[in-house]
Amino acid sequence: MSRYTEASAPTTDPPEPTTRASRGWITKFTFAYIGINIVWAGPGQILMSPQVERLTAGIPWGFFTDSKEGNLALIGFITGLFALISTPLWGALSDRTVSRWGRRTPWMAGGLVVVSLAMVAAGLSQTLPALLISWIAFQTAINAVISPLSASVPDHVPVPQRGLVSGWYGFAYTFAVVAGTAIGTIATAVWTGPLGTTMGYVLCAAACIVAMLPFLLSRWETPLPAALKATRPPFRLRELLACYWVDIRRHPDFGWAWLTRFIVTLSSATALFYLYYFLQDAIGLVRDDAAGTESGLRVSDGVLILTGTYAASVFATVVVAGVISDKLGRRRIFVSASAIFISIATVLMAYTSSFETVVVASAILGIGTGVFTSVDFALVSQVLPTVSNNGKDIGIINLAIALPNVFAPIVAAVMVHNLGGYTGLYLLSGALSVLGGVLVYRIKGVR
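What follows is the structure, encoded as structure tokens:
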């Protein structure tokens with residue numbers, strides 16, 4: 024059923040949705056979000072760290088060095104810059120799209136194709152520069168999917184239902200981390216050496232395509248009425264530059280929501296960036312390529328156990344907290360509560376050399392993350408400045424995720440090598456989460 028009519032359409036902005044999103048739409052949206060997050064979770068959690076370590080052992084290329092940590096940080100930083108640039112741009116372009124397939128779907132479909140090809144290329148990379156180029160293409164294209172997909176929520180879901188959808192949004196993200204980690208772990212166990220890495224990338228790409236197709240093919244978008252199409256401004260240089268700007272003096276809640284998301288995301292990104300190496304070097308798990316000659320738990324198996332434990336805690340809280348948030352009409356208290364759990368988890372990781380303690384910490388971290396993600400997206404969707412620029416504004420909000428992933432490699436490398444090692448890294452992570460829990464109360468337009 025159409026969400027607008029020609030008679031009732033405003034001259035500039037589409038109306039806010041009032042009809043509740045159906046269970047079918049929420050289900051397809053959830054699977055789509057699972058799919059697009061699987062493709063970074065597999066490489067990020069399991070595949071890229073040993074791949075970079077293996078390629079570092081070869082002949083150095085250009086600005087790459089003989090440090091596996093430094094090379095992984097360099098790839099993360101450079102590709103993160105491309106993600107940073109592309110995130111609001113794709114959202115803004117989708118805002119101005121007037122195709123018969125809707126505003127968001129064409130960009131998601133095109134991005135999915137490029138993401139899949141980039142994943143295969145990354146899996147086949149035999150040098151660090153080749154891996155870097157493939158991951159640049161991946162990071163640029165994935166935002167052509169994520170920005171329009173995220174914008175579909177304020178496009179389609181009314182405010183009283185957004186806590187529920189935000190909960191499923193968080194569920195999807197966490198499930199994708201588990202699924203991507205499992206796919207990478209299974210691939211490296213079934214196929215040894217570089218072939219296992221390649222197959223891990225290919226299988227993650229295939230899972231993404233399967234999960235996203237139902238949403239893309241459902242034709243859920245209603246094309247804009249003619250009156251609204253006529254108001255879409257041409258995309259000139261001024262509009263391009265505006266992709267990266269919101270006047271926070273006029274919209275202070277947007278600014279505080281952005282900063283809160285940035286700080287909490289930086290907290291988790293710095294803590295997780297070297298998780299593979301933390302388990303290998305600080306906890307003493309067995310390197311994957313040495314599993315045949317040394318006894319003990321493999322690093323990739325340890326990552327899978329932690330991911331599963333973390334996910335179980337998230338699943339137990341994320342949707343329930345979102346529903347409670349809708350019923351209470353409150354968001355900020357949930358963000359503060361999540362910060363407490365996250366800080367406890369990171370302090371435990373800072374001072375342990377026991378894998379069992381890390382498992383406990385991952386369970387506590389999952390509770391905090393579940394509570395945070397259950398309300399975070401609902402909160403930011405309520406402070407967007409204009410309906411007509413939902414895609415662009417969501418893109419800017421998503422910079423609060425992209426930017427921490429640019430800075431996390433640098434912060435993590437500096438902390439591990441110069442400022443206290445893994446203990447300093449995890450204490451910093453905990454302090455950042457507490458800061459985010461305090462700053463959320465600067466948002467006045469949301470309770």
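Here the sequence shown is numbered in my numbering, starting from 24 and rising by one per residue.
Cβ atoms here follow ideal geometry from the backbone N, Cα and C, with glycine treated the same way.
For clarity, every value in this text was computed on a predicted model and none was experimentally measured.
8 Å contact criterion, which Ser117 and Ser170 should meet: CB distance rounded: About 7 Å separates the CB atoms of Ser117 and Ser170; that is less than 8 Å, so the two are in contact.
Coarse secondary structure for Arg284, derived from DSSP in three states: In the three-state DSSP reduction, Arg284 falls in the helix class (H, G or I).
Exposed unless 16 or more other CB atoms sit within 10 angstroms - verdict on Tyr464: Burial call: exposed.
Top-ranked residue by Cα proximity to Val326, from Tyr300, Val337, Ala344: Per the Cα distances, Tyr300.
DSSP state of Gly125 mapped onto helix, strand, coil: When secondary structure is reduced to three states using DSSP, Gly125 falls in the strand class.
Cα-Cα separation between Ala294 and Thr380, rounded to whole angstroms: If you take the alpha carbons of Ala294 and Thr380, they lie about 15 Å apart.
Option nearest Thr79 by Cα separation, candidates Val370, Ser404, Glu92, Leu282: Comparing Cα positions, the closest option is Glu92.
Nearest neighbour of Phe430, chosen from Gly393, Gln74, Ala64, Ile98 [CA to CA]: Closest in C-alpha terms to Phe430, from the list Gly393, Gln74, Ala64, Ile98, comes Ile98.
Under the three-state DSSP convention, the category Val75 falls into: Val75 falls in the helix class under three-state DSSP.
Simplified DSSP assignment, three categories, for Arg355: Arg355: helix per DSSP, three-state reduction.
Beta-ladder partner(s) of Arg321, from DSSP: Secondary-structure assignment with DSSP links Arg321 through a beta bridge to Val309.
Same chain, Cβ closer than 6 Å to Ala305, five either side skipped, listed in chain order: Residues of the same chain with a CB within less than 6 Å of the CB of Ala305, apart from the 5 flanking positions on each side, are Tyr445 in chain order.
Nonlocal neighbours in the same chain, by C-beta distance under 6 Å from Thr102, ignoring five residues either side: Only Trp158, Ile159, Gln162 meet the Cβ criterion.
Segments of 4+ residues assigned as alpha helix (DSSP H) that fall wholly inside the stretch 367-434: Those alpha helix (DSSP H) runs which fall completely within the stretch 367-434 and span 4+ residues are 378-404.
Span of the alpha helix (DSSP H) around Arg117: Going by the sequence as given, residue 117 is Ser instead of Arg. Annotation: the continuous alpha helix (DSSP H) that includes Ser117 extends over 91-118.
Cα-Cα separation, Ile433 to Ala96: Taking the straight line joining both Cα atoms gives about 6 Å.
In chain order, each alpha helix (DSSP H) run of at least 4 residues that lies wholly inside the stretch 177-256: Here the runs fully enclosed are 185-213, 216-240, 249-252.
Cβ pair count under 8 Å reaching 3, the stretch 142-149 against the stretch 378-392: The answer is no - the stretch 378-392 does not touch the stretch 142-149, with fewer than three Cβ pairs under 8 Å.
Length-filtered (4 minimum) alpha helix (DSSP H) runs lying within the stretch 131-161: Counting only runs of 4 or more, we get nothing.
The stretch 418-430 contacting the stretch 220-234, beta-carbon criterion three pairs below 8 Å: Under the three-pair Cβ rule at 8 Å, the stretch 418-430 does not count as touching the stretch 220-234.
Backbone CA spacing between Phe296 and Leu351 [nearest angstrom]: If you take the alpha carbons of Phe296 and Leu351, they lie about 35 Å apart.
Start-to-end residues for the alpha helix (DSSP H) that takes in Val461: Start and end: 444-462.
Beta-carbon proximity list for Ala454, same chain, < 7 Å, skipping 5 on both sides: Excluding residues within five positions, none has a Cβ falling inside 7 Å.
CB of Ser366 within 8 Å of CB of Val461, strictly: No. Outside cutoff.
Straight-line Cα distance separating Thr204 from Ser459: Reading the sequence as shown, one finds Gly at residue 459 and not Ser. In this structure, the alpha-carbon of Gly459 lies about 28 Å from that of Thr204.
Secondary structure of Asp276, DSSP reduced to three states: Here Asp276 sits in helix by DSSP.
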